[in-house]
Each structure stands twice: as C-alpha cells, then as structure tokens.
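Enquirer: Taken in sequence, the protein lines are chains A and B.
Counting from 70, one number per residue, gives the positions in the first sequence under the working numbering.
Counting from 70, one number per residue, gives the positions in the second sequence under the working numbering.
Quick one: the structure is below, questions incoming.
There are 2 protein chains.
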Amino acid sequence: MNERTVFFVSDQTGVTAETLGNSLLTQFDGVEFKPVTVPFVDTVDKAIQVARRIDRSASKSGIRPLVFTSFVQDEVRAPLLQCQGLVLDFFEAFLAPLEAELNKKSSHTLGKAHGMQDKPSYDSRIDATNFAMEADDGHTTRHYDRADVILTGVSRSGKTPTCLYLALQYGVFAANYPLTEEDLESGRLPDSLMPFRDKLYGLTITPVRLRQIRLERRSVGRYASAQQVSYELRAAEALYKRHNVPFIDTTNSSIEEIASTILNDTGVERRVRP
Amino acid sequence: MNERTVFFVSDQTGVTAETLGNSLLTQFDGVEFKPVTVPFVDTVDKAIQVARRIDRSASKSGIRPLVFTSFVQDEVRAPLLQCQGLVLDFFEAFLAPLEAELNKKSSHTLGKAHGMQDKPSYDSRIDATNFAMEADDGHTTRHYDRADVILTGVSRSGKTPTCLYLALQYGVFAANYPLTEEDLESGRLPDSLMPFRDKLYGLTITPVRLRQIRLERRSVGRYASAQQVSYELRAAEALYKRHNVPFIDTTNSSIEEIASTILNDTGVERRVRP
Numbered sequence: 070m071n072e073r074t075v076f077f078v079s080d081q082t083g084v085t086a087e088t089l090g091n092s093l094l095t096q097f098d099g100v101e102f103k104p105v106t107v108p109f110v111d112t113v114d115k116a117i118q119v120a121r122r123i124d125r126s127a128s129k130s131g132i133r134p135l136v137f138t139s140f141v142q143d144e145v146r147a148p149l150l151q152c153q154g155l156v157l158d159f160f161e162a163f164l165a166p167l168e169a170e171l172n173k174k175s176s177h178t179l180g181k182a183h184g185m186q187d188k189p190s191y192d193s194r195i196d197a198t199n200f201a202m203e204a205d206d207g208h209t210t211r212h213y214d215r216a217d218v219i220l221t222g223v224s225r226s227g228k229t230p231t232c233l234y235l236a237l238q239y240g241v242f243a244a245n246y247p248l249t250e251e252d253l254e255s256g257r258l259p260d261s262l263m264p265f266r267d268k269l270y271g272l273t274i275t276p277v278r279l280r281q282i283r284l285e286r287r288s289v290g291r292y293a294s295a296q297q298v299s300y301e302l303r304a305a306e307a308l309y310k311r312h313n314v315p316f317i318d319t320t321n322s323s324i325e326e327i328a329s330t331i332l333n334d335t336g337v338e339r340r341v342r343p
Numbered sequence: 070m071n072e073r074t075v076f077f078v079s080d081q082t083g084v085t086a087e088t089l090g091n092s093l094l095t096q097f098d099g100v101e102f103k104p105v106t107v108p109f110v111d112t113v114d115k116a117i118q119v120a121r122r123i124d125r126s127a128s129k130s131g132i133r134p135l136v137f138t139s140f141v142q143d144e145v146r147a148p149l150l151q152c153q154g155l156v157l158d159f160f161e162a163f164l165a166p167l168e169a170e171l172n173k174k175s176s177h178t179l180g181k182a183h184g185m186q187d188k189p190s191y192d193s194r195i196d197a198t199n200f201a202m203e204a205d206d207g208h209t210t211r212h213y214d215r216a217d218v219i220l221t222g223v224s225r226s227g228k229t230p231t232c233l234y235l236a237l238q239y240g241v242f243a244a245n246y247p248l249t250e251e252d253l254e255s256g257r258l259p260d261s262l263m264p265f266r267d268k269l270y271g272l273t274i275t276p277v278r279l280r281q282i283r284l285e286r287r288s289v290g291r292y293a294s295a296q297q298v299s300y301e302l303r304a305a306e307a308l309y310k311r312h313n314v315p316f317i318d319t320t321n322s323s324i325e326e327i328a329s330t331i332l333n334d335t336g337v338e339r340r341v342r343p
C-alpha cells in the first residue's frame with residue numbers, strides 16, 4: 070500500500086499536465102501511483118481548495134503527493150506552490166526560456182491549448198472524424214479522392230482505430246479499404262481503387278495475434294481459424310509487395326506508434342497540431 | 070516571412086513533444102511557426118542527422134529554430150544538445166526532481182509513453198473504440214449496460230466525436246443516444262433507456278451554430294431550418310431538466326474540454342491514462 074497519489078491540476082482541461090506527467094511516470098517501474106485529475110481550476114479560490122486537498126492527502130497517506138500542473142495564470146498557480154506536494158509546473162519551467170528566445174511575453178491566456186481558439190483547426194478535426202466514420206466501411210470508393218491516406222488490410226488488423234486517431238489527433242483524412250476475399254484470391258486491387266493506389270498504406274499483424282482478436286468477436290466458423298487467418302495475412306502481404314504498398318506490422322505497436330509511422334513514411338502533413 | 074521553424078524530436082512517437090510544445094506555442098500570439106515532427110530518432114547516428122538538419126535550417130532561415138524534445142535515452146539526446154536550436158527537453162527537466170523524490174533512478178526505457186508496454190490498458194482503448202463504433206447509432210440499447218456514460222442530444226450536437234475521443238484517449242466506454250422526434254415531442258425518454266438514466270449526459274449547442282453545421286451537410290428541407298433547430302434544442306434542454314440529466318453547451322468548447330468536463334462532472338474514472 071505504498072501507493073503515491075499523483076495530482077494533475079490545470080486551469081484548463083488538464084490534458085497537457087496528464088500527458089507530461091504520465092510520460093514521466095512510465096519511467097518509474099514498480100512504483101504504484103494513484104492518479105487524480107483536477108481540471109478547470111481557474112480561480113485563486115479553487116486553487117486554494119485544491120492545495121488543501123493535496124495537503125489532506127499528504128497527511129492521510131504520510132507520502133508526499135506528486136503534483137503536475139500546467140497553469141497559464143501565475144496568480145492561480147501561486148497557492149499550489151505552497152502545498153505539501155512536489156509541484157512540477159510545466160508552463161513555469163518552459164515559458165521563461167521561450168519568452169527570452171522569442172523576445173516576447175507569453176499571453177497567459179486560458180483556453181489556448183486544447184481549446185477552441187483556433188476554430189478552423191478545430192473544425193478540420195471534426196470534419197476528419199466525420200470523414201473517417203463515413204469512409205469506414207469500404208463499400209464505396211467515392212470518398213477516396215478526399216482522403217489523405219487510405220489504410221488497407223484484412224478484417225481486424227487495426228484500420229478503424231488508426232483512422233479515427235489520425236482524424237482526432239491530427240485532422241488527417243484517413244479512409245479505410247478492407248481487403249475482400251476476391252482481392253486476396255486474385256492478388257489484384259479493384260479497378261476503382263487504382264486511381265488512388267498512391268494513397269494506400271497497408272496494415273499487417275501476426276497470425277497468432279489476429280486469431281486472438283478475431284476469436285474474441287466470433288469464436289466459431291472459418292473467420293478465426295488458424296488456417297484462414299494465416300492465408301489472409303500471407304495473401305495481403307503478397308498483394309502489398311506486388312503493388313508497392315508500404316505497410317506496417319501492428320502487432321507490437323500502439324495506435325500512436327502506428328499513426329506516427331504512417332505520417333512519417335508517407336509525408337502526409339498534419340492538418341492540425343495536438 | 071519571419072516564420073520560425075519548430076522541431077519536435079523524439080526517440081519515440083513524438084506525441085509528448087508535440088503536445089507539450091504546442092501547448093507552449095499557443096501562448097505566443099502573432100508569431101508564425103513552421104512545425105516539423107521527427108519521430109523514432111532512436112540511435113546516436115539518427116540524432117546526429119537531425120542535429121545537422123536543424124543547423125541547416127538555422128543557417129538557411131537566419132532564425133534560430135525551437136527544438137522540443139522528449140528523449141528517454143541520454144546518449145541519443147546528447148547530439149541534439151549541440152545543435153544551434155533552442156532545445157527544450159521535457160524528460161531532462163523533470164526526471165531529476167522526480168528521481169530525487171521517488172528515491173529511484175528512472176528506467177530510461179523506450180516505448181513506455183504511448184507504447185504497448187501496458188498491454189491491458191492498450192486493449193481497453195481499442196475495446197472502448199470498438200464499443201463507441203458499435204453503440205454509435207442509438208438504434209439499440211443493448212450496449213447500454215456496458216457503457217460508462219451515455220451521451221445524448223439532437224443530431225449534430227457533437228456526440229460521436231466526443232464518444233470516440235473518450236474511448237481513444239481514456240478508454241472510457243461511451244455510448245450515444247440520439248434524441249428522436251418522439252422523445253422531443255413527448256418530453257419523455259423511452260422506457261428502454263430508463264434503467265440507464267443515471268448514465269446520461271446531455272449535449273446542447275446554440276441554434277446558430279447547429280444550423281451552420283447542419284447546413285453544411287444538408288442544405289435543403291426542415292433539418293437545417295432555423296425554426297426546426299430552435300425547436301429541437303429547446304425541447305432537448307427541457308427534457309434534460311425534467312429528467313435531471315446534466316448537460317453541457319458545446320458551442321465554444323473543444324472536444325478535449327467537453328470530454329474533461331464530462332469526466333469531471335460524472336466522476337467516471339479514466340480506464341487508461343494518455
């Protein structure tokens with residue numbers, strides 16, 4: 070029970086504090102952390118309440134809490150600096166060197182990061198998400214002219230979550246073409262796809278992992294049989310090679326890693342920045 | 070043309086460097102930045118190449134580039150520290166105080182942040198994303214017993230992107246119940262929804278904004294008429310109040326802000342941490 074409480078406190082959504090804090094904490098194996106996120110702490114009064122809550126947690130557990138903060142407003146950050154936790158403030162650490170380099174004071178304005186200040190960027194994430202939903206089924210190629218990239222692969226190779234992540238995180242228009250039995254048998258891509266072949270990016274996965282995923286969905290029939298799964302993956306990879314479609318093995322990669330690799334390999338530009 | 074190039078460099082996906090760097094840059098209005106992300110710089114050789122690229126950019130533009138890095142491996146970070154850019158490294162700044170407080174050296178291991186190290190967490194994000202896709206249409210309530218939260222609202226009030234974000238970012242199971250004409254007319258919720266009413270969270274939006282969004286999709290007919298849009302929103306808000314459904318106006322909120330508010334208001338726990 071040597072669990073250490075970790076507070077993520079922000080005058081905005083807390084996404085920045087969480088991202089930074091969690092990245093750091095993953096580097097400490099074997100330590101148990103109990104995370105608490107407190108967003109929208111945008112007044113001095115609210116900040117005093119949070120500081121008290123952190124102090125109570127310190128007294129109760131006898132272990133000093135970690136406090137990752139991303140306060141834009143100095144006066145709201147101030148009460149936190151008095152608390153008994155180890156406070157690591159992200160803006161405080163980095164704004165000063167940036168202000169010096171840019172020779173400009175930062176605006177200290179709320180709602181900038183992860184907010185709606187940049188309306189066109191924001192709309193393009195929503196548009197890209199709607200696009201991913203509409204272009205998800207692969208039954209139609211009519212969306213492909215608008216796509217930045219078209220992910221292809223056999224059923225359950227990871228196409229849909231990757232498309233959605235590319236949309237939500239980067240505003241990238243990602244469509245999705247599930248390889249059909251006919252494609253796999255013939256080793257050819259359908260004619261309707263050929264004009265867009267330069268946008269294709271393939272996903273593959275090991276047979277063992279794919280079988281495991283498919284079994285969770287449908288445990289009977291050919292769909293999750295070892296033979297079928299191996300056949301489909303072999304045929305898909307042969308097809309990628311024949312058509313010079315770049316591809317990635319998703320077995321040991323997270324969505325972030327797959328998305329990052331695709332953008333890096335294809336040179337597709339992020340339409341928005343997270 | 071006083072654009073300043075900003076490099077996001079990482080031995081992993083670059084998501085942490087991008088998220089944190091962009092948070093900081095949003096605080097500098099009126100400065101034009103040209104972002105370049107370079108992920109997977111995981112050898113000293115690759116790091117030397119990137120350092121040279123940054124130096125070339127500095128010489129060519131005559132403006133010192135900003136370089137946000139999140140290197141886990143000290144030896145790979147080293148060449149970057151020699152480059153001509155202003156290097157702000159997130160791990161370097163915060164790992165030392167954390168190591169001191171936790172009385173433990175950090176593991177300096179790749180693939181921890183945004184990677185697959187935590188397999189169960191990773192799977193629950195994929196499960197939650199599949200859940201959001203399957204439970205998106207609202208035509209069936211059979212998924213609602215598994216939902217952490219059920220977002221409701223009129224067509225195009227922001228339910229689907231919010232559900233997907235909750236799934237991908239936090240592994241939260243978010244279903245989606247689109248209010249029907251019958252619900253709005255009767256002011257009642259369908260019987261099938263009543264067992265799950267404590268999970269409901271409503272979205273609303275201003276009539277002007279909703280009309281604008283609907284016009285982009287379908288510019289003819291009643292769907293986007295000023296009268297219809299006002300009526301639906303009035304009826305939806307009346308229904309939320311009658312059934313004590315908490316709700317949020319999404320007009321001026323980003324997906325991050327909506328998601329953060331919902332988790333904060335409902336107390337639904339994040340299943341994974343970004």
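Ideal placement from N, C-alpha and C gives every residue a C-beta, glycine not left out.
Does DSSP put S139 of chain B in a helix, in a strand, or in coil?
Expert: Strand at S139 of chain B.
Enquirer: Given a cut-off of 9 angstroms, decide if A305 of chain B and T273 of chain B are closer than it, judged by their beta-carbon atoms.
Expert: The answer is yes: Cβ separation under 9 angstroms.
Enquirer: Within the chosen definition, does the region 115-130 of chain B reach the region 325-341 of chain A through at least 3 CB pairs nearer than 8 angstroms?
Expert: The region 115-130 of chain B, when compared against the region 325-341 of chain A, does not touch it at the 8 angstroms Cβ threshold.
Enquirer: Looking only at C-alpha atoms, which of B:L269, B:E325 and B:T95 sits nearest to A243 of chain B?
Expert: Out of B:L269, B:E325 and B:T95, B:L269 has the C-alpha closest to the C-alpha of A243 of chain B.
Enquirer: Use the C-beta contact count for E87 of chain B: other C-beta atoms within 10 angstroms, 16 or more gives buried, fewer gives exposed.
Expert: With 16 or more Cβ atoms within 10 Å of its Cβ, E87 of chain B is classed as buried.
Enquirer: Could you please tell me which residues of the region 147-163 of chain A, in chain order, have their CB closer than 8 angstroms to any CB of chain B?
Expert: From the region 147-163 of chain A, only L155, L157, F159, F160, A162 and F163 have a Cβ closer than 8 angstroms to chain B.
Enquirer: In the DSSP assignment, find the beta strand (DSSP E) that holds I219 of chain A and state where it starts and stops.
Expert: I219 of chain A -> beta strand (DSSP E) spans V218 to G222.
Enquirer: Among residues of its own chain, excluding the 5 on either side of E101 of chain A, which ones have a beta-carbon nearer than 8 angstroms to its beta-carbon?
Expert: If we look at E101 of chain A and ignore the five residues flanking it on each side, its Cβ neighbours are N71, E72 and R73.
Enquirer: Using beta-carbon positions only, say whether L248 of chain A and G222 of chain A come within less than 9 angstroms of one another.
Expert: Yes.
Enquirer: Mapping DSSP to helix, strand and coil, what is N313 of chain A?
Expert: Coil.
Enquirer: Compile a chain-ordered list of the residues in the region 78-98 of chain B whose CB is closer than 7 angstroms to at least one CB of chain A.
Expert: Those residues of the region 78-98 of chain B that come within reach of chain A (Cβ to Cβ, closer than 7 angstroms) are T82, G83, V84, T85, E87, T88, L89, N91, S92, L93, T95, Q96, F97 and D98.
Enquirer: Between L233 of chain A and the rest of its own chain, which residues show a CB-CB distance below 6 angstroms, the 5 nearest in sequence each way excluded?
Expert: Result list for L233 of chain A: A201, in chain order.
Enquirer: Cβ of I195 of chain A less than 9 angstroms from any chain B Cβ?
Expert: By this cut-off, I195 of chain A is an interface position.
Enquirer: Please report how far the alpha carbon of S322 of chain A lies from the alpha carbon of Y300 of chain B, in whole angstroms.
Expert: Roughly 47 angstroms separates the two Cα atoms.
Enquirer: Determine the DSSP secondary structure at L248 of chain B, reduced to helix, strand or coil.
Expert: DSSP places L248 of chain B in coil when its eight states are reduced to three.
Enquirer: If we count Cβ pairs, one from each stretch, closer than 8 angstroms, do we get three or more for the region 75-91 of chain B versus the region 139-151 of chain B?
Expert: Judged by Cβ distances under 8 angstroms, the region 75-91 of chain B makes contact with the region 139-151 of chain B, as three or more pairs qualify.
Enquirer: Judging by CA-CA distance, which residue of A:I282, A:F77, A:L157 and A:R286 is the nearest neighbour of V110 of chain A?
Expert: Closest by alpha carbon: A:F77.
Enquirer: Contact criterion: CB-CB distance below 9 angstroms. Does Y270 of chain A meet it with respect to chain B?
Expert: So, not an interface residue.
Enquirer: Output yes if chain B places a C-beta closer than 9 angstroms to the C-beta of A328 of chain A; else output no.
Expert: So, interface residue.
Enquirer: For the beta strand (DSSP E) that D158 of chain B lies in, which residues bound it at each end?
Expert: Unbroken beta strand (DSSP E) run through D158 of chain B: L155 to D158.
Enquirer: Are the C-beta of Y191 of chain A and some C-beta of chain B separated by less than 9 angstroms?
Expert: Output row for Y191 of chain A: interface = yes.
Enquirer: Give the single residue among B:N245, B:R146 and B:R278 whose Cα lies nearest to the Cα of E203 of chain B.
Expert: The shortest Cα separation from E203 of chain B among B:N245, B:R146 and B:R278 belongs to B:N245.
Enquirer: Check each residue of the region 106-123 of chain A: if its Cβ is closer than 9 angstroms to any Cβ of chain B, include it; give the result in chain order.
Expert: Hits within the stretch, in order: T106, V107, P108 and F109.
Enquirer: For T319 of chain B, count neighbouring C-beta atoms within 10 Å of its own C-beta (all shown protein chains included) and say buried if the count is 16 or more, exposed if not.
Expert: Answer is buried; the Cβ neighbour count reaches 16.
Enquirer: Using only the alpha-carbon positions, how far apart do R340 of chain A and Y239 of chain A sit?
Expert: Computed Cα separation, rounded: 6 angstroms.
Enquirer: Under 7 angstroms Cβ to Cβ from T210 of chain B, same chain only, skipping five residues before and after it: list those, please.
Expert: Answer for T210 of chain B: S261 and L262, listed in chain order.
Enquirer: Run through DSSP, which three-state label would K103 of chain B get?
Expert: Here K103 of chain B sits in strand by DSSP.
Enquirer: Using only the alpha-carbon positions, how far apart do G154 of chain B and R283 of chain B sit?
Expert: Their backbone Cα atoms lie some 46 angstroms apart in a straight line.
Enquirer: Since D196 of chain B sits in a beta bridge, which residues does DSSP pair it with?
Expert: Answer by DSSP bridge pairing: none, since D196 of chain B is not bridged.
Enquirer: According to DSSP, simplified to helix, strand and coil, what is A127 of chain B?
Expert: Three-state result, A127 of chain B: helix.
Enquirer: Looking at the structure shown, is L258 of chain A part of a helix, part of a strand, or coil, going by DSSP?
Expert: Reduced to three states, the DSSP call for L258 of chain A is coil.
Enquirer: Count the other C-beta atoms from every protein chain shown that fall within 10 angstroms of the C-beta of G336 of chain B, then say buried if there are 16 or more, exposed otherwise.
Expert: The residue is exposed, with fewer than 16 neighbouring Cβ atoms inside 10 Å.
Enquirer: Measure the alpha-carbon distance for P189 of chain B versus L302 of chain A and round it to whole angstroms.
Expert: Approximately 25 angstroms between the Cα atoms of the pair.
Enquirer: So, with DSSP's three-state summary, where would you put F76 of chain B?
Expert: F76 of chain B falls in the strand class under three-state DSSP.
Enquirer: Quick check on this structure: which residue in A:G256, A:T198, A:I317 and A:L258 has the alpha carbon closest to the alpha carbon of T231 of chain B?
Expert: Nearest option by C-alpha distance: A:T198.
Enquirer: In this structure, does DSSP put A204 of chain A in helix, strand or coil?
Expert: Looking at A204 of chain A - three-state DSSP - the assignment turns out to be coil, as it is neither helix nor strand.
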